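Data first, discussion second: the structure below is written as structure tokens.
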Amino acid sequence: MEFNDVIRERFSVRQFDGRPIEEEKLHAILEAGRVAPTARNLQPWRVNVIRSAEGLEKIRSLSRCTFGAPVVLLFTYDENEQWRSPLEEGFTSGHEDVSIAATHMMLAAWNEGIGSCWVNLFPNSATCEAFGLPKSEKAVLLMPIGYPAANARPAPLHEESKELGELVREL
Ligand SMILES: Cc1cc2nc3c(=O)[nH]c(=O)nc-3n(C[C@H](O)[C@H](O)[C@H](O)COP(=O)(O)O)c2cc1C
């Protein structure tokens, strides 16, 4: 797809048709995350692919926002691997790094005809514990992915984009 079509036509998909995602498509999606920029190229993010029956049952019990997707990606970062600003205490890159990788994957998925939804509505720490992730890893988002159902449409919120003039300032 044309890059502009990918970014303009993508919408959050919350209805999936149940078809599994082919290995090569999943690989292309994950690979798009691998090449994402991170602070000092430290790459503190991890993506956990949840697609076993047991894993899906667990994640579905933790969040009502997995929408029956055949694959759920759980994005984390390791707080010990992230960049820390030497200029100001408390400014770290983990959330940004993981978000850029996730955005790459979201757009790569759309490019493959696969829908996704960014999900923050899940218990972050309890999810890490449920999957036995290391204590130093912080969960940032879930991303259910799959082929959109035939009736999948953008939600009304999708249309509520602010005008550029409200978002951009000249200083
Ligand atoms: C940081 C973030 C958190 C979100 N959390 C959720 C969520 O928990 N559940 C959900 O259904 N959608 C969630 N969304 C999807 C947004 O509601 C959606 O992106 C927004 O309404 C714009 O619609 P669009 O993605 O179709 O353009 C989230 C999106 C972002 C960027």
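Per the working numbering, residue 2 is the first one in the sequence shown, and the count goes up by one each step. No residue lacks a Cβ here, since even glycine has one placed at the ideal position from N, Cα and C. From a predicted model like this one, the values you see are computed outputs, not experimental measurements.
- Three-state secondary structure assigned by DSSP to F123: The residue labelled residue 123 in the question sits at position 122 within the sequence shown. DSSP places F123 in coil when its eight states are reduced to three.
- From F92, T104 and E164, pick the residue whose C-alpha is nearest to that of G34; which is it? Stepping through the sequence shown from its first residue, residue 34 is reached at position 33. Of F92, T104 and E164, the residue nearest in Cα terms is T104.
- Message: Runs of 4 residues minimum, wholly inside the segment 49–96: which ones carry the alpha helix (DSSP H) assignment?
- Response: Listed in chain order, they are 54–63.
- May I ask you to check if the CB of W46 is nearer than 7 Å to at least one heavy atom of ligand 1? Taking the first residue of the sequence shown as position 1, residue 46 is located at position 45. Flag unset: Cβ of W46 not near ligand 1.
- Alpha-carbon spacing of A102 relative to W111, whole angstroms: In the sequence shown, residue 102 corresponds to position 101, counting from 1. In the sequence shown, residue 111 corresponds to position 110, counting from 1. Approximately 15 Å between the Cα atoms of the pair.
- Query: When the Cα atoms are used, what is the spatial distance from P71 to E171?
  - Reply: Numbered from its first residue, the sequence shown carries residue 71 at position 70. Numbered from its first residue, the sequence shown carries residue 171 at position 170. Answer to the nearest angstrom: the Cα atoms are 44 Å apart.
- Quick one: residues in its chain with C-beta nearer than 7 Å to the C-beta of P38, no 5 flanking neighbours on either side, listed in chain order? Stepping through the sequence shown from its first residue, residue 38 is reached at position 37. These residues qualify, in order along the chain: I101.
- Does the distance from the CB of G147 to the CB of F12 come in under 8 Å? Counting from one through the sequence shown, the residue named residue 147 turns up at place 146. Counting from one through the sequence shown, the residue named residue 12 turns up at place 11. Not in contact: G147 and F12 (Cβ atoms no closer than 8 Å).
- Item | Unbroken stretches of the alpha helix (DSSP H), 4 residues or longer, contained in the segment 125–168 | If we require 4 residues or more, the alpha helix (DSSP H) runs fully inside the segment 125–168 come out as 125–131 and 165–168.
- Would you give the residue range spanned by the alpha helix (DSSP H) that R11 belongs to? The residue you call residue 11 lines up with position 10 of the sequence shown. Element bounds for R11: n/a, residue is neither H nor E.
- Please decide whether L27 counts as near chain B, where near means a Cβ-Cβ distance under 8 Å. Checking the listed chains, one finds no chain B in this structure; it contains a single protein chain.
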